[in-house]
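In our numbering, the protein residues as written are 283 to 406. Where is the CB? At the ideal position from N, CA and C, for every residue including glycine. Here's the structure, in structure tokens; my notes come after.
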């Protein structure tokens with residue numbers, strides 16, 4: 283069953299949490315985007331210098347099987363395959379001029395590249 287993002291009440295067992303700064307920045311980006319029903323998509327794909335790359339993008343079409351949550355009213359989606367690599371992670375945001383932006387603190391990463399955009403998962 284696919285739920286509408288507007289119906290999601292809380293994060294529950296969602297694989298990743300957002301800190302307050304990430305929530306505020308995402309809210310601002312969604313407002314600037316202006317598309318009705320837009321949400322933040324968080325995921326993982328193969329690539330990058332460490333094997334897997336993080337994916338953060340604004341989207342408007344939930345996919346079949348997406349895990350959906352809202353953090354203080356900010357809608358977020360994650361696909362099930364990415365969820366296993368992101369379980370227990372936190373999306374953080376800093377506004378620093380050097381090294382600022384979104385970063386994912388991932389307890390499942392054995393190592394990350396210098397910029398933090400990609401990671402190698404721990405072996406199960």
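Fill in: CB contact below 9 angstroms: residue 296 versus chain B
The structure shown contains no chain B; it is built from a single protein chain.
Worksheet item: According to DSSP, is residue 363 helix, strand or coil?
Response: Within the chain shown, residue 363 is the residue found at index 81, counting from 1. It is helical.
Discussion item. Within 10 Å of its beta-carbon, does residue 325 have 16 or more other beta-carbons around it, so buried, or fewer, so exposed?
Written reply: As a first step, residue 325 must be located in the chain shown, where it is residue number 43. Buried, by the Cβ-count rule.
Worksheet item: Taking the beta strand (DSSP E) that residue 315 falls in, what are its first and last residues?
Response: As a working note, residue 315 is residue 33 in the chain shown. Run containing residue 315: none in the beta strand (DSSP E); it sits in the alpha helix (DSSP H), 302-315.
Worksheet item: Looking at the structure shown, is residue 340 part of a helix, part of a strand, or coil, going by DSSP?
Response: What you label residue 340 is simply residue 58 of the chain shown in a count that begins at 1. Strand at residue 340.
Discussion item. Going by C-alpha to C-alpha distance, which of 402, 387, 403 sits closest to residue 304?
Written reply: Locating residue 304 in the chain shown gives position 22, counting from the first residue. Per the Cα distances, 387.
Discussion item. Our contact map puts residue 323 next to residue 375 with C-beta atoms below 8 angstroms; I'd like the distance itself, whole angstroms only.
Written reply: Residue numbering aside, residue 323 sits at position 41 when the chain shown is read from its first letter. Residue numbering aside, residue 375 sits at position 93 when the chain shown is read from its first letter. Not confirmed; about 16 angstroms, so no contact.
Practice prompt. Mark residue 389 as exposed unless 16 or more other C-beta atoms lie within 10 angstroms of its C-beta, in which case mark it buried.
Written response: Numbered from 1 along the chain shown, position 107 holds the residue referred to as residue 389. By the 10 Å Cβ count, residue 389 comes out exposed.
Worksheet item: Do you know how far the Cα of residue 341 is from the Cα of residue 331?
Response: Locating residue 331 in the chain shown gives position 49, counting from the first residue. Locating residue 341 in the chain shown gives position 59, counting from the first residue. Linking residue 331 to residue 341 through their CA atoms gives a straight-line distance of about 25 angstroms.
Worksheet item: Per DSSP, what kind of secondary structure is residue 379 in: helix, strand or coil?
Response: As a working note, residue 379 is residue 97 in the chain shown. In the structure shown, residue 379 sits in coil (DSSP, three-state: anything other than H, G, I, E or B).
Practice prompt. Please list, in chain order, all residues of the same chain as residue 333 whose beta carbon is under 6 angstroms from its beta carbon, the five residues on each side excluded.
Written response: In the chain shown, the residue the question calls residue 333 occupies position 51. Same-chain partners within the cutoff: 402.
Worksheet item: Is residue 357 closer than 9 angstroms to residue 349 when the C-beta atoms are compared?
Response: On the chain shown, residue 349 is found 67 positions in, with the first residue counted as 1. On the chain shown, residue 357 is found 75 positions in, with the first residue counted as 1. It is not a contact, given that the beta carbons lie outside the stated cut-off.
Worksheet item: Are there 16 or more other CB atoms within 10 angstroms of the CB of residue 368, so buried, or fewer, so exposed?
Response: Counting from 1 along the chain shown, the entry for residue 368 is found at position 86. Buried, because 16 or more other Cβ atoms sit within 10 Å of the Cβ of residue 368.
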